[in-house]
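This note's numbering applies: residue 13 is where the sequence shown begins, and numbers increase by one.
Below is one structure, written out as structure tokens; the observations come after it.
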Amino acid sequence: NQELYILGSGIDGDIDEFIIRAGDDLGWLGYFIGISEVLKALYIEQLPEEGERVDAFMRRIIHNQSIKELSIRTDIGDQGFENLGYFYETAMLSPI
13 NQELYILGSG IDGDIDEFII RAGDDLGWLG YFIGISEVLK ALYIEQLPEE GERVDAFMRR
73 IIHNQSIKEL SIRTDIGDQG FENLGYFYET AMLSPI
């Protein structure tokens with residue numbers, strides 16, 4: 013599948029859903045998203061409230077070059093928005 017949903021709980025139980033749980037290393041999740049060459053769409057519905065985990069995630073996803081559609085419906089904090097600015101400068105996102 014070429015899309016990924018990051019959620020707080022499962023919606024359909026599909027393989028394109030990643031459910032955030034306590035203790036998940038979001039730095040590694042961000043790393044794998046960042047190096048993916050096939051991921052076309054990323055939908056972030058929920059992230060934990062711990063800023064360090066969110067920052068680690070955002071610092072790594074910005075390296076992705078294949079994402080064309082990005083939706084964020086959660087608070088990513090100030091540092092997350094700074095990282096997101098870099099992502100938008102380098103990504104070829106489709107307008108919504």
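Every residue gets a Cβ at the ideal spot worked out from N, C-alpha and C, and that includes glycine.
Just measuring C-alpha positions, the residue of G89, T102, I31 sitting nearest E57 is I31. About 13 Å separates the CB atoms of L59 and L16; that is not less than 8 Å, and the two are not in contact.
The closest CA to that of F99, considering only T86, I27, I45, is found on I45.
In this structure I27 does not touch L51 by the C-beta definition: roughly 13 Å separates them, more than the 8 Å allowed. When secondary structure is reduced to three states using DSSP, E57 falls in the coil class, being assigned neither helix nor strand.
Our two residues, L41 and F69, have alpha carbons roughly 7 Å apart in a direct line. DSSP places I84 in the uninterrupted beta strand (DSSP E) bounded by 81 to 84. The C-alpha of D87 lies about 17 Å from the C-alpha of S21. Using a Cβ distance threshold of 8 Å, E29 and L38 do not count as a contacting pair.
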